[in-house]
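One structure below.
Number of protein chains: 2
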Amino acid sequence: MLPICTLERLCKIFQVLERYELDHIQAVSSRDLEKCIHATSVTIRKDISAIGRVGVTKRGYDVIELKKHIGEHLKLFRKRRACLVGLGRIGGALLEYQTLQDDGFEIIAGFDNNVNKVERMRTDIRVYPVHELLDIVKSHRIELGIIAVPGEAAQKVADQLNKAGIKGILNFSPVGIALPDRVIVENIDFTTALRILAAKMG
Amino acid sequence: MLPICTLERLCKIFQVLERYELDHIQAVSSRDLEKCIHATSVTIRKDISAIGRVGVTKRGYDVIELKKHIGEHLKLFRKRRACLVGLGRIGGALLEYQTLQDDGFEIIAGFDNNVNKVERMRTDIRVYPVHELLDIVKSHRIELGIIAVPGEAAQKVADQLNKAGIKGILNFSPVGIALPDRVIVENIDFTTALRILAAKMG
Ligand SMILES: NC(=O)c1ccc[n+]([C@@H]2O[C@H](COP(=O)([O-])OP(=O)(O)OC[C@H]3O[C@@H](n4cnc5c(N)ncnc54)[C@H](O)[C@@H]3O)[C@@H](O)[C@H]2O)c1
Ligand SMILES: NC(=O)c1ccc[n+]([C@@H]2O[C@H](COP(=O)([O-])OP(=O)(O)OC[C@H]3O[C@@H](n4cnc5c(N)ncnc54)[C@H](O)[C@@H]3O)[C@@H](O)[C@H]2O)c1
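Those protein sequences? They're chains A and B, same order as listed. For the first sequence, the numbering used here begins at 17 and goes up steadily by one. For the second sequence, the numbering used here begins at 17 and goes up steadily by one.
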């Protein structure tokens with residue numbers, strides 16, 4: 017198991033390589049990556065060699081080869097089956113965010129406890145009242161849950177997802193959720209991004 | 017000017033200290049911080065001493081003193097005046113996210129190019145049609161802009177914010193925006209968070 021900071025940097029490098037590939041750039045050096053992901057080129061080269069050998073020439077790494085190398089090792093090319101709980105503003109924005117679909121995250125089901133909302137929604141994905149969560153998550157082998165409900169509902173929803181066998185959760189609510197260690201939880205907080213922005217502005 | 021990765025880690029440490037303070041925990045060691053922000057305790061201690069001397073005992077750093085030390089040095093206690101462009105789902109969620117207000121980010125104005133939306137919105141902050149952006153940003157000395165419009169409108173909005181003298185931008189759109197180096201741009205992408213989650217799930 018790789019150290020977490022290595023994992024996170026490799027994911028960011030993967031994101032940068034995707035962009036380079038779209039712009040038809042063929043080679044990238046660890047110095048180029050330094051600027052994009054805010055780590056030294058020494059660290060970046062260590063991270064990359066931590067997952068095995070990959071060719072590097074005077075011009076740097078081959079973009080497509082390095083992307084394949086990282087993607088295969090971190091299993092980033094696997095299609096992940098996800099569900100979304102909370103179909104309000106954040107949930108609605110995620111449902112429509114096409115990039116998610118292209119990036120290998122398939123939202124299989126959406127849940128909300130507001131039955132009117134569930135009935136009235138125009139969406140390509142199936143949406144259900146939240147009391148059906150356990151059944152749907154199990155029968156559809158959903159592995160990842162996105163929590164976009166108000167803070168006071170977050171822990172309850174997390175417990176239901178855990179009971180249904182979910183192995184990872186992306187939490188948008190402002191509340192920290194407590195779950196067994198084997199469930200990975202990533203919290204998203206725009207305030208941290210704003211603070212980093214403010215600190216860089218000086 | 018601190019290295020960017022040091023700045024980012026210090027912001028994350030600040031976030032962790034806020035939580036510790038709310039939970040009435042008095043001391044925190046660099047080892048405790050290691051787990052929360054995914055960097056070695058050596059790196060963390062280096063980051064903290066990069067901004068000056070702060071007391072440390074056998075039990076670690078004093079939470080309140082360390083938070084004050086980081087906050088003052090990075091000017092995180094300054095109230096930042098922000099505006100929000102795009103009052104759809106992401107914009108609406110941000111307007112109602114109370115934590116932002118408590119954390120020193122005051123959204124002074126909202127803008128949208130849909131005049132109906134602007135007229136019908138029930139919100140505590142003043143909202144305007146986007147053609148008034150230049151005037152309002154200048155007259156209200158707004159320093160930071162949040163872009164929550166569709167990808168195709170993002171660059172145009174960024175140019176208007178730049179023209180109005182904005183020094184920092186938080187960009188939610190999936191499009192990279194091009195601006196002079198003196199404007200700091202932070203991009204938020206949920207796909208990266210999902211990828212990190214997937215990589216940790218294995
Ligand atoms: N992380 C951040 O930086 C950030 C920014 C903005 C909002 N938020 C948070 O994201 C969450 C969603 O925000 P929003 O603006 O979309 O809110 P919203 O009110 O628009 O949507 C919440 C949805 O959750 C549903 N819901 C409530 N309880 C539920 C339950 N027990 N089970 C299933 N569905 C339930 C509601 O019916 C509603 O549709 C909130 O917790 C908010 O504080 C976080
Ligand atoms: N970063 C991520 O991970 C992520 C996730 C979801 C959505 N998004 C992106 O965030 C953005 C907003 O998403 P949303 O779901 O809130 O969209 P939305 O359609 O609900 O809202 C967009 C708003 O922008 C307004 N607008 C359009 N052009 C404008 C202009 N030139 N000036 C001012 N306002 C204008 C529209 O009237 C609308 O109110 C989109 O670019 C979307 O792709 C990003």
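Note that the Cβ used here is the ideal one computed from N, Cα and C, for glycine as well.
Original post:
Measuring from the CB of Asn203/A, is there a heavy atom of ligand 4 at a distance below 8 Å?
Top reply: By its list of ligands, the structure shown excludes ligand 4, since it contains just ligand 1 and ligand 2.
**OP:** Establish whether the CB of Gln31/B and some CB of chain A are separated by less than 9 Å.
**Re:** True, the Cβ-Cβ gap to chain A drops below 9 Å.
**OP:** State yes or no: is the C-beta of Thr115/A nearer than 8 Å to some heavy atom of ligand 2?
**Re:** Yes, the beta carbon of Thr115/A sits closer than 8 Å to at least one heavy atom of ligand 2.
Subject >> Contact check, Asp119/B vs Thr207/A, beta carbons under 9 Å >> reply: In this structure, Asp119/B sits near Thr207/A, with a CB-CB distance shorter than 9 Å.
**OP:** Verify the CB distance criterion: does Tyr113/A have a CB-CB separation below 9 Å to chain B?
**Re:** The beta-carbon of Tyr113/A is placed less than 9 Å from the nearest beta-carbon of chain B.
**OP:** For the stretch 54-70 of chain B, enumerate the residues whose C-beta is nearer than 7 Å to any C-beta of chain A, in chain order.
**Re:** Within the stretch 54-70 of chain B, the residues whose Cβ lies closer than 7 Å to some Cβ of chain A are His54 and Ala55, listed in chain order.
Original post:
What three-state label does DSSP hand Ile163/B in the structure shown?
Top reply: DSSP places Ile163/B within a strand segment (E or B) once states are collapsed to three.
Original post:
Is it true that the CB of Arg97/A sits closer than 9 Å to the CB of His54/A?
Top reply: His54/A is not a Cβ neighbour of Arg97/A, given a cutoff of 9 Å.
Subject >> Same chain, Cβ closer than 7 Å to Glu165/A, five either side skipped, listed in chain order >> reply: Correcting the residue type first, residue 165/A is Val in the shown sequence and not Glu. Cβ contact annotation for Val165/A (same chain, cutoff 7 Å, sequence separation greater than five): Val101, Gly102, Val173 and Ser189, in chain order.
**OP:** Please specify which runs of the beta strand (DSSP E), each continuous and at least 3 residues long, are wholly inside the stretch 56-101 of chain A, giving them in chain order.
**Re:** If only complete runs of 3 or more residues are kept, the stretch 56-101 of chain A shows the beta strand (DSSP E) at 76-78 and 96-101, in order along the chain.
**OP:** Identify each residue in the stretch 131-143 of chain A for which the Cβ-Cβ distance to at least one residue of chain B is less than 8 Å, and report them in chain order.
**Re:** Of all residues in the stretch 131-143 of chain A, none has a Cβ within less than 8 Å of some Cβ in chain B.
Original post:
Near Thr22/A, what residues of its chain come up, given a Cβ to Cβ distance below 7 Å and the 5 sequence neighbours on each side ignored?
Top reply: These residues qualify, in order along the chain: Asp63 and Ala66.
Original post:
For the alpha helix (DSSP H) that contains Val32/B, what are its first and last residues?
Top reply: Counting along the chain, the unbroken alpha helix (DSSP H) around Val32/B starts and ends at Ile20 to Leu38.
Original post:
Beta-carbon of Gly108/A versus every beta-carbon of chain B: anything under 9 Å?
Top reply: Cβ-Cβ to chain B under 9 Å: yes for Gly108/A.
Original post:
Taking DSSP as the reference, what is the three-state secondary structure of Val1/B?
Top reply: Lying before the first or after the last residue shown, residue 1/B is absent from chain B, which here runs from 17 to 218.
Subject >> Residue environment, Asn130/A, which counts as buried when at least 16 other CB atoms sit within 10 Å >> reply: Burial call: exposed.
**OP:** Compile a chain-ordered list of the residues in the stretch 70-97 of chain B whose CB is closer than 8 Å to at least one CB of chain A.
**Re:** Contacts with chain A (Cβ-Cβ distance below 8 Å) from the stretch 70-97 of chain B involve Leu90, Lys91, Leu92, Arg94 and Arg96, listed in chain order.
Subject >> Val191/A in three-state terms, based on DSSP >> reply: Val191/A sits in coil when the DSSP states are folded into three classes, being neither helix nor strand.
Original post:
When the Cα atoms are used, what is the spatial distance from Gly181/A to Ala214/B?
Top reply: Distance from the CA atom of Gly181/A to the CA atom of Ala214/B, rounded to whole angstroms, is 15 Å.
Subject >> Secondary structure of Ala180/A, DSSP reduced to three states >> reply: Here Ala180/A sits in coil by DSSP.
Subject >> Whole-angstrom distance between Val32/B and Cys52/A, CA atom to CA atom >> reply: Near 25 Å, if we compare the C-alpha coordinates of Val32/B and Cys52/A.
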